[in-house]
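Trainee: There's a structure below that I have some questions on.
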Amino acid sequence: MKIIVTGGMGFIGSNFINKLVSSGGSVEVVNVDKMTYAADPANLQKPETVENYKLDISRLTGREHFFENADTIVNFAAESHVDRSIKNSKDFIQSNVVGVHRLLEITRKLDLRYHQISTDEVYGSLPLNSGTKFTENSAYSPRNPYSATKASADLLVKAYYNTYGIKATISNCSNNYGPNQHPEKLIPKTILNALNGTKIPIYGSGRQVRDWIHVADHCNAIRMIIERGKPGETYLVGADGERSNIEVVRKILEIMNKPDSLIEFVQDRPGHDQRYAIDSRKIRRDLGWRPEVDFDHGLRETIQHYIVSRKRYEEKVL
Ligand SMILES: NC(=O)c1ccc[n+]([C@@H]2O[C@H](COP(=O)([O-])OP(=O)(O)OC[C@H]3O[C@@H](n4cnc5c(N)ncnc54)[C@H](O)[C@@H]3O)[C@@H](O)[C@H]2O)c1
Numbered sequence: 003m004k005i006i007v008t009g010g011m012g013f014i015g016s017n018f019i020n021k022l023v024s025s026g027g028s029v030e031v032v033n034v035d036k037m038t039y040a041a042d043p044a045n046l047q048k049p050e051t052v053e054n055y056k057l058d059i060s061r062l063t064g065r066e067h068f069f070e071n072a073d074t075i076v077n078f079a080a081e082s083h084v085d086r087s088i089k090n091s092k093d094f095i096q097s098n099v100v101g102v103h104r105l106l107e108i109t110r111k112l113d114l115r116y117h118q119i120s121t122d123e124v125y126g127s128l129p130l131n132s133g134t135k136f137t138e139n140s141a142y143s144p145r146n147p148y149s150a151t152k153a154s155a156d157l158l159v160k161a162y163y164n165t166y167g168i169k170a171t172i173s174n175c176s177n178n179y180g181p182n183q184h185p186e187k188l189i190p191k192t193i194l195n196a197l198n199g200t201k202i203p204i205y206g207s208g209r210q211v212r213d214w215i216h217v218a219d220h221c222n223a224i225r226m227i228i229e230r231g232k233p234g235e236t237y238l239v240g241a242d243g244e245r246s247n248i249e250v251v252r253k254i255l256e257i258m259n260k261p262d263s264l265i266e267f268v269q270d271r272p273g274h275d276q277r278y279a280i281d282s283r284k285i286r287r288d289l290g291w292r293p294e295v296d297f298d299h300g301l302r303e304t305i306q307h308y309i310v311s312r313k314r315y316e317e318k319v320l
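Printed below as a string of structure tokens:
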């Protein structure tokens with residue numbers, strides 16, 4: 003099997019590749035990454051086992067030699083930070099929408115299998131303290147430029163499946179944590195700021211709820227979908243890990259034995275979504291997927307990762 007991974011030097015893509023190459027088997031992995039600020043070659047544990055190309059997905063033609071004998075594209079490539087999309091969404095449109103359109107054209111022409119990595123943010127925001135969760139039938143309601151581009155990409159994938167019958171699947175996953183995440187994101191930022199003794203900014207009241215999943219569990223789900231998922235289907239991936247941002251930050255400080263006084267409440271993000279929560283019964287039932295990493299355990303390991311690898315993250319702390 004030959005898999006073209008896009009965005010494999012980023013957080014989730016690198017964890018996916020690391021898992022794929024360490025699980026043995028005869029999978030050939032090609033990684034296409036534009037190498038934005040979010041990419042880091044050090045994220046790959048065995049770079050020699052992967053063919054790496056510094057390319058922008060929105061400029062691919064399908065005639066690149068590495069597409070020869072390829073079976074599958076798994077698209078992780080995206081601009082991924084909501085705050086950056088609020089400041090300027092141009093690159094988000096180019097990579098997350100135009101880029102996906104390019105990949106879908108290539109998928110169609112070369113008759114490949116395609117998997118789109120998407121987010122629960124396409125469904126918008128749930129009320130705090132409600133029991134409702136997103137399902138595969140929830141209406142799309144993106145509320146910031148990032149999630150709007152991800153929703154657009156999903157709709158393109160669905161349209162290409164319907165119109166051209168391409169073999170495509172989508173997974174919408176909740177918030178990931180684990181090794182290799184850029185320190186602009188909540189968990190690594192909290193750990194690194196705590197290590198440095200600098201203030202940890204929390205938007206608004208910090209009561210916003212995210213549904214946390216360890217990146218390894220997400221990667222297992224992706225692998226199952228590629229191998230056994232049904233073309234045309236969408237799978238929601240989540241680990242029943244609802245926690246408020248302030249709860250997560252306090253937990254990290256507690257584990258690290260650092261004072262809560264490092265927390266600094268700052269002006270809320272414009273249009274900040276209140277709550278995300280995933281109902282993942284479909285992927286559990288249809289593919290037998292289960293999350294395996296307990297949050298406390300995964301968080302402790304993640305903290306350890308950032309302590310041990312602190313040096314390579316230091317210059318990225320904003
Ligand atoms: N991080 C999460 O919690 C989360 C949750 C659900 C879904 N997702 C989705 O998973 C995917 C990966 O997210 P991440 O957190 O690993 O992001 P990331 O920002 O860490 O990595 C993105 C990678 O894509 C590359 N890239 C960006 N634009 C590109 C382009 N035009 N061509 C080629 N490469 C390009 C970057 O260089 C980087 O290596 C994204 O599509 C994101 O929307 C993320």
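Heads up, the sequence shown is in the working numbering, so the first residue is 3 and it goes up one at a time. Every residue, glycine too, gets a C-beta built ideally from N, C-alpha and C.
Is there at least one non-hydrogen atom of ligand 3 closer than 8 Å to the beta-carbon of residue 300?
Mentor: Ligand 3 is not part of the structure shown, which contains ligand 1 as its ligands.
Trainee: CA-CA distance, residue 41 and residue 167?
Mentor: On the sequence shown, position 39 is the one that residue 41 refers to. On the sequence shown, position 165 is the one that residue 167 refers to. Rounded to the nearest angstrom, the two C-alpha atoms are 33 Å apart.
Trainee: Comparing the CB of residue 221 with every heavy atom of ligand 1, is any distance shorter than 8 Å?
Mentor: Within the sequence shown, the letter at position 219 stands for residue 221. No, the beta carbon of residue 221 sits no closer than 8 Å to any heavy atom of ligand 1.
Trainee: Could you check if residue 39 is buried or exposed, using at least 16 other CB atoms within 10 Å of its CB as the buried criterion?
Mentor: Translated into the one-based positions of the sequence shown, residue 39 becomes position 37. Exposed is the call here.
Trainee: Is residue 1 buried or exposed, if buried means 16 or more other CB atoms sit within 10 Å of its CB?
Mentor: As shown, the chain starts at 3 and ends at 320. That puts residue 1 outside it, with no answer to give.
Trainee: Please classify residue 195 as buried or exposed, where buried requires at least 16 neighbouring CB atoms within 10 angstroms.
Mentor: For the purposes of this step, residue 195 is identified with residue 193 of the sequence shown, where counting begins at 1. With 16 or more Cβ atoms within 10 Å of its Cβ, residue 195 is classed as buried.
Trainee: Starting from the N-terminal side, write out each stretch of the beta strand (DSSP E) that is 3 residues or longer and does not extend beyond the region 92–137.
Mentor: With a minimum length of 3 residues, the continuous beta strand (DSSP E) runs that stay inside the region 92–137 are 115–121.
Trainee: Check residue 29 in the structure and name its three-state DSSP category.
Mentor: For the purposes of this step, residue 29 is taken as residue 27 along the sequence shown, with counting starting at 1. Coil, per DSSP.
Trainee: Beta carbon of residue 121, beta carbon of residue 174: below 9 Å?
Mentor: As a position in the sequence shown, residue 121 is number 119, starting the count at 1. As a position in the sequence shown, residue 174 is number 172, starting the count at 1. It is a contact, given that the beta carbons lie within the stated cut-off.
Trainee: Tell me where the beta strand (DSSP E) around residue 39 begins and ends.
Mentor: As a working mapping, residue 39 is identified with position 37 in the sequence shown. Note, residue 39: premise wrong, no beta strand (DSSP E); not H, not E.
Trainee: Does the region 47–61 come within contact of the region 82–95, defined as at least 3 CB pairs closer than 8 Å?
Mentor: Output reads no: the region 82–95 does not touch the region 47–61.
Trainee: Compute every distance between the C-beta of residue 280 and the non-hydrogen atoms of ligand 1, then say whether any falls below 8 Å.
Mentor: Here the question's residue 280 lines up with position 278 in the sequence shown. Not so, every heavy atom of ligand 1 lies at least 8 Å from the Cβ.
Trainee: Suppose you measure from the CA of residue 103 to the CA of residue 155; what does that come to, to the nearest Å?
Mentor: As a working mapping, residue 103 is identified with position 101 in the sequence shown. As a working mapping, residue 155 is identified with position 153 in the sequence shown. Residue 103 and residue 155: Cα-Cα distance of roughly 8 Å.
Trainee: Determine, using beta carbons only, whether residue 79 and residue 15 come nearer to each other than 9 Å.
Mentor: Residue numbering aside, residue 79 sits at position 77 when the sequence shown is read from its first letter. Residue numbering aside, residue 15 sits at position 13 when the sequence shown is read from its first letter. Yes, they are a contact pair.
Trainee: Between the alpha carbons of residue 294 and residue 300, how many angstroms are there, rounded?
Mentor: The residue labelled residue 294 in the question sits at position 292 within the sequence shown. The residue labelled residue 300 in the question sits at position 298 within the sequence shown. Spanning the two alpha carbons is a distance of roughly 10 Å.
Trainee: Using CA coordinates, which residue listed in 37, 170, 26, 25 is at the minimum distance from residue 10?
Mentor: As a working note, residue 10 is residue 8 in the sequence shown. It is 37.
Trainee: Applying the criterion that 16 or more other CB atoms from any shown protein chain within 10 Å of the CB defines a buried residue, is residue 309 buried or exposed?
Mentor: Walking along the sequence shown from the start, residue 309 turns up at place 307. Exposed, by the Cβ-count rule.
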